[in-house]
Amino acid sequence: MNLPKIPLADWIESIEKWLENNLGPLFDFISLIIGGTVNGLDDMLRGVPPLVIIALFVVLAWFLGKWKMALFTLIGLLIIENLGLWGPTMQTLALVLTAAIISVVIGVPIGILCANSNVMQRIFTPLLDFMQTMPAFVYLLPAVTFFRLGVVPGVISSIIFAIPPTIRLTNLGIRQVPGELVEAADAFGSTPLQKLFKLQLPIAVPTIMAGINQTIMLSLSMVVIASMIGAQGVGEYVYRAVTQGRTGVGFEAGLAIVILAIILDRLTQKVVQRTEKKS
Amino acid sequence: MAILEAKKLTKIFGDDPKKAIPLLEKGWSKDKILKESKLTVGVNQAEFSIESGQIFVIMGLSGSGKSTLVRLLNRLIEPTTGQLLFNGSDVLRMNPEQLRQYRRKHIGMVFQKFALFPHRTVIQNIEYGLEIQGIEKKKRREMAMESLKLVGLSGYEDSYPHQLSGGMQQRVGLARGLANDPEILLMDEAFSALDPLIRKDMQDELLELQTKMKKTIVFITHDLDEALRIGDQIALMKDGSIVQIGTPEEILMQPANKYVERFVEDVDLSKVLTASHAMEKAETITIDRGPRVALQFMRDRGVSSLYVVDRSMTLLGLVSAEDAAAALKDSKGLEDVMQKEVPITSPDSLLNELFEMMGNAKLPVAVIDDTGRLRGVVIKGAVLAALAGNGNSLLDGGDSE
Ligand SMILES: Nc1ncnc2c1ncn2[C@@H]1O[C@H](COP(=O)(O)OP(=O)(O)OP(=O)(O)O)[C@@H](O)[C@H]1O
Ligand SMILES: [Mg+2]
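Chains as they are written, first to last, in our numbering: chain A, 1 to 279; chain B, 280 to 680.
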């Protein structure tokens with residue numbers, strides 16, 4: 001066997017070059033939107049005193065859950081503030097929220113398309129598998145090429161890694177709507193859009209919310225990697241602590257991420273449960 | 280005029296379904312076609328026409344194509360070939376928008392497992408069909424409330440479907456189907472999921488609604504009793520084909536083939552046959568005759584009593600030979616001696632109800648129609664004969680009425 005090696009690497013790189021040369025304005029535009037969203041959220045979160053934000057979160061936790069959740073939120077956020085990690089944690093939150101919002105805005109419509117067409121589903125299923133299993137470092141590079149260093153490529157790679165559950169579960173949620181109900185909606189003369197908004201989406205909401213929950217968790221798990229290409233936040237602290245061998249600092253920053261993760265997870269899960277109860 | 284008319288309406292499931300059409304025309308069976316071509320015959324060249332205001336029942340064993348056929352009528356399933364006319368216009372030629380209008384305005388549907396939207400309240404379910412037509416909120420709420428009242432569920436408008444019993448849920452399904460006021464209502468085993476008592480109630484209610492609203496109803500069932508009870512026409516299906524269409528009596532008495540015969544062989548005739556089937560000619564005398572004439576009539580006709588009627592055959596009473604003899608002796612009129620309390624019934628009361636009524640009465644039962652006129656008389660022996668499964672002769676006699 002002496003076949004020449006397939007020049008896959010060369011191909012990919014020339015595609016990258018071509019994209020960079022020809023789609024520059026598009027990337028600039030995307031960059032503008034993402035950068036703007038992150039910075040806007042960041043300004044909002046850090047523009048007010050920490051105690052106001054903490055109070056807001058506690059009230060939200062109280063409203064959605066019970067006092068236990070409110071108490072955990074209170075103590076957790078106070079610890080973060082006390083460790084002096086408030087600023088970077090809010091930066092991370094801004095990044096995660098941006099990634100989650102964009103994932104939902106893009107992922108839900110794609111999920112709907114997949115649910116309505118078996119061809120689309122067959123195209124997207126392997127693509128999503130690919131996105132989730134390809135090591136994140138591999139697409140950090142092109143992300144940096146297209147979007148330069150900073151928070152934007154970090155958000156982009158978070159989205160690539162975190163969007164699959166939203167797409168998958170939107171698709172699943174809509175496909176799980178009982179055939180009889182869809183038939184009933186058709187029998188009364190619904191247009192496809194009426195069917196979608198009045199029947200399929202409302203019934204799929206709990207499933208879609210479960211997908212969004214996973215998306216948030218996955219994008220949170222990307223913050224350290226994102227920090228390697230210049231995204232600011234607690235991820236940066238972890239990364240620096242690891243490279244400098246400072247276990248204590250690393251642990252503190254890691255704890256902040258864990259606390260943020262638990263709060264976001266519990267809050268979104270409560271939303272899932274509420275929507276479930278309704279339908 | 281026929282409101283719905285099907286000509287060679289056919290549905291084949293599978294890839295390249297048209298391949299099976301020539302095979303069907305050659306008369307191949309469903310099994311053979313499946314074996315040779317991997318195609319499933321859903322409905323095979325169905326021909327029928329449904330008159331406006333009829334209850335058209337489709338029945339047959341599981342898998343015979345009932346659900347498929349009914350879904351061809353509103354194109355929830357797209358026919359493979361054939362023709363379907365609604366008030367003379369071709370349903371299969373409708374474009375998507377026309378089809379939506381057809382479904383919204385003209386043909387409603389009620390489902391076996393209710394298919395209520397779980398995230399909507401009862402009233403929101405009922406107004407769904409109106410909402411998607413863009414009818415303004417206040418108006419559609421009013422119409423939906425009307426429909427809810429019709430099925431006797433006023434007060435439940437804000438409940439969610441899962442809070443209601445099966446029977447109530449199906450009433451909501453019915454109200455939803457009726458809310459748009461369609462001319463045609465398709466009901467696919469709409470009562471099958473209900474227990475027998477509720478089911479009978481629902482049948483009664485449907486019949487009552489039917490007389491009030493004059494809908495055309497296409498009703499699927501695999502229960503012969505139900506079919507006989509509510510159907511004006513019954514179509515029997517087997518392997519996708521309609522094997523016989525006829526009135527309940529025709530299906531019972533002139534089964535087209537062995538399949539239909541087996542279908543109807545153990546039907547309880549007392550639940551099908553009515554007083555008008557079992558009644559005989561009543562011996563009558565008009566009230567202005569005297570007792571002497573009455574006695575003469577009895578002798579001539581070999582009976583021991585006569586129904587006393589006026590000139591327009593309105594029943595007034597019953598006079599026996601003893602009564603007449605007494606009147607003669609005391610020189611009274613028939614009016615003074617006749618028994619005014621006579622057991623009566625209507626022509627379409629069922630024989631099994633009649634049988635209960637006759638259990639403790641010695642007299643025959645007079646059959647009186649809506650206008651109060653005497654139509655005939657049912658004697659106990661005839662009812663017993665029918666209950667013993669000997670209904671054929673009765674029906675022949677009854678039909679000549
Ligand atoms: N979507 C489908 N794809 C393939 N075959 C189908 C499909 N729907 C129905 N069939 C076949 O068509 C035939 C008729 O089915 P249908 O559901 O109309 O029967 P049915 O008389 O309503 O039965 P049941 O009393 O069980 O409801 C069956 O052989 C069934 O397997
Ligand atoms: Mg069926």
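Ideal Cβ positions, reconstructed from N, Cα and C, are used throughout, including at glycine.
Length of the line joining the Cα atoms of residue i and residue j
i: residue 418 of chain B; j: residue 451 of chain B; result: 19 Å
i: residue 327 of chain B; j: residue 284 of chain B; result: 6 Å
i: residue 411 of chain B; j: residue 186 of chain A; result: 11 Å
i: residue 114 of chain A; j: residue 488 of chain B; result: 44 Å
i: residue 183 of chain A; j: residue 466 of chain B; result: 13 Å
i: residue 461 of chain B; j: residue 388 of chain B; result: 9 Å
i: residue 302 of chain B; j: residue 361 of chain B; result: 15 Å
i: residue 386 of chain B; j: residue 348 of chain B; result: 14 Å
i: residue 400 of chain B; j: residue 201 of chain A; result: 17 Å
i: residue 281 of chain A; j: residue 273 of chain A; result: Coverage of chain A is limited to positions 1 through 279, which leaves residue 281 of chain A absent and any answer about it impossible.
i: residue 570 of chain B; j: residue 604 of chain B; result: 7 Å
i: residue 22 of chain A; j: residue 143 of chain A; result: 15 Å
i: residue 141 of chain A; j: residue 129 of chain A; result: 20 Å
i: residue 536 of chain B; j: residue 475 of chain B; result: 30 Å
i: residue 634 of chain B; j: residue 395 of chain B; result: 41 Å
i: residue 120 of chain A; j: residue 175 of chain A; result: 13 Å
i: residue 680 of chain B; j: residue 560 of chain B; result: For residue 680 of chain B, the predicted model reports a pLDDT of 34, less than 50, meaning its position is unreliable and no value from the coordinates is stated.
Under 9 Å between C-beta atoms of residue i and residue j
i: residue 592 of chain B; j: residue 653 of chain B; result: yes
i: residue 64 of chain A; j: residue 223 of chain A; result: no
i: residue 486 of chain B; j: residue 509 of chain B; result: yes
i: residue 38 of chain A; j: residue 151 of chain A; result: yes
i: residue 459 of chain B; j: residue 409 of chain B; result: yes
i: residue 370 of chain B; j: residue 383 of chain B; result: no
i: residue 468 of chain B; j: residue 441 of chain B; result: no
i: residue 353 of chain A; j: residue 247 of chain A; result: There is no way to answer for residue 353 of chain A, as the model of chain A reaches only from 1 to 279.
i: residue 178 of chain A; j: residue 276 of chain A; result: no
i: residue 426 of chain B; j: residue 454 of chain B; result: yes
i: residue 587 of chain B; j: residue 629 of chain B; result: no
i: residue 662 of chain B; j: residue 645 of chain B; result: no
Backbone secondary structure at residue i - three-state DSSP
i: residue 66 of chain A; result: coil
i: residue 96 of chain A; result: helix
i: residue 258 of chain A; result: helix
i: residue 537 of chain B; result: helix
i: residue 467 of chain B; result: strand
i: residue 359 of chain B; result: coil
i: residue 107 of chain A; result: helix
i: residue 510 of chain B; result: coil
i: residue 438 of chain B; result: coil
i: residue 660 of chain B; result: helix
i: residue 552 of chain B; result: coil
Residues near residue i in its chain [Cβ-Cβ closer than 6 Å; skip 5 each side]
i: residue 520 of chain B; result: 323
i: residue 678 of chain B; result: The predicted model places residue 678 of chain B with a pLDDT of 39, which falls under 50 and marks its position as unreliable, so this point remains unresolved.
i: residue 146 of chain A; result: 27
i: residue 107 of chain A; result: 163, 166 and 167
i: residue 344 of chain B; result: 321, 322, 516 and 519
i: residue 406 of chain B; result: 419 and 423
i: residue 606 of chain B; result: 570 and 616
Proximal residues to residue i (C-beta, below 8 Å), its chain only, five neighbours per side dropped
i: residue 649 of chain B; result: 625
i: residue 659 of chain B; result: 637 and 643
i: residue 674 of chain B; result: The predicted model places residue 674 of chain B with a pLDDT of 47, which falls under 50 and marks its position as unreliable, so this point remains unresolved.
i: residue 682 of chain B; result: No answer is possible for residue 682 of chain B: the residues shown for chain B start at 280 and end at 680.
First through last residue of the alpha helix (DSSP H) which encompasses residue i
i: residue 600 of chain B; result: 600 to 608
i: residue 20 of chain A; result: 8 to 22
i: residue 243 of chain A; result: 234 to 244
i: residue 125 of chain A; result: 118 to 133
i: residue 323 of chain B; result: First-last for residue 323 of chain B: 319 to 330, but that is the beta strand (DSSP E), not the alpha helix (DSSP H).
i: residue 280 of chain B; result: That residue, residue 280 of chain B, is in no alpha helix (DSSP H); it is neither H nor E in DSSP.
i: residue 347 of chain B; result: 345 to 352
i: residue 388 of chain B; result: Where residue 388 of chain B is concerned, there is no enclosing alpha helix (DSSP H), although the beta strand (DSSP E) it sits in stretches over 386 to 389.
Close-in-space but distant-in-sequence residues of the same chain around residue i (CB under 7 Å, 5 per side omitted)
i: residue 676 of chain B; result: Interpretation of residue 676 of chain B is limited by its pLDDT of 42, a score under 50 that renders its predicted location unreliable; the figure taken from the coordinates is listed afterwards. The answer is none, since no qualifying residue turns up.
i: residue 254 of chain A; result: 238
i: residue 298 of chain B; result: 316 and 318
i: residue 45 of chain A; result: 53, 90, 93 and 94
N- and C-terminal bounds of the beta strand (DSSP E) containing residue i
i: residue 335 of chain B; result: 334 to 339
i: residue 259 of chain B; result: No answer is possible for residue 259 of chain B: the residues shown for chain B start at 280 and end at 680.
i: residue 139 of chain A; result: Here residue 139 of chain A belongs to no beta strand (DSSP E); instead the alpha helix (DSSP H) covers 136 to 147.
Amino acids of chain E, ordered along the chain, whose beta-carbon sits closer than 9 Å to that of residue i
i: residue 392 of chain B; result: This model lacks chain E altogether, as its protein chains are A and B.
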